[in-house]
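*Asks:* Below: one structure in structure tokens.
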Amino acid sequence: MPGGRTIEGRIMKFFWLAAGLSLLGPPVLAQTAPQANELWRTDNVDRPDAVHVPHGSDWAYIGNQSGAGEETDPPGQGYVSRLNLVTGAWQARWSDGLDDPLGIVSQVDRLYMVDAGRHVIALDMDSGDELDRWTLEIDNIFLNDIAIDPDGRIW
């Protein structure tokens, strides 16, 4: 029968497939799962939600949510910690008085973050001082993250 539809043709196709796979070697046939290596660890944060390391910076900025994460938590208990990834210097409450800092991004000398899903806050990247705050005035919208495009627009 044409096209290898006979039993012999099927056996030959199987043989050639097996031979081809054997030439690919063990990496194709028996790949192992990728492994993650721990780079650093800290137990000095309460309820971290976001971590951001600005390009070219030695600092990691960690947003910590307030209390137990309930709507009944008092306002102003959230904060941002700062960890130097080279020296290990730790600033537990580098910037505080926030509610629930979520996504964090940076541009030039400012950090931008979402706070409590309703505010976007700009912080000075050196001092942690609040430079600006914008409030979302739309009901039933909860921001969870933030991005900055190449033109500097905040999304």
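Counting from 96, one number per residue, gives the positions in the sequence shown under our numbering.
Yeah, the Cβ is synthetic: ideal placement off N, Cα and C, and Gly gets one too.
Computed from a predicted structure; not experimentally measured.
Is the distance from the Cβ of ASP224 to the Cβ of LEU218 below 8 Å?
*Replies:* yes
*Asks:* Quick one: complete beta strand (DSSP E) runs, 3+ long, within the stretch 126 to 188?
*Replies:* 143 to 147, 154 to 159 and 173 to 179
*Asks:* Nearest CA to the CA of PRO169: which residue from VAL175, ILE233, ALA187 and GLY192?
*Replies:* GLY192
*Asks:* Using a Cβ-Cβ cut-off of 7 Å (strictly less than) and excluding sequence neighbours within five positions of ALA211, which residues of its own chain qualify?
*Replies:* ASP194 and ASP195
*Asks:* How many Å lie between VAL200 and SER161 at the Cα?
*Replies:* 20 Å
*Asks:* Go ahead and pull the three-state DSSP assignment for ASP244.
*Replies:* Three-state DSSP puts ASP244 in coil, outside helix and strand.
*Asks:* Compare the Cα-Cα distances from ASP240 to each of ASP234, ILE233 and ILE249 and report the closest residue.
*Replies:* ILE249
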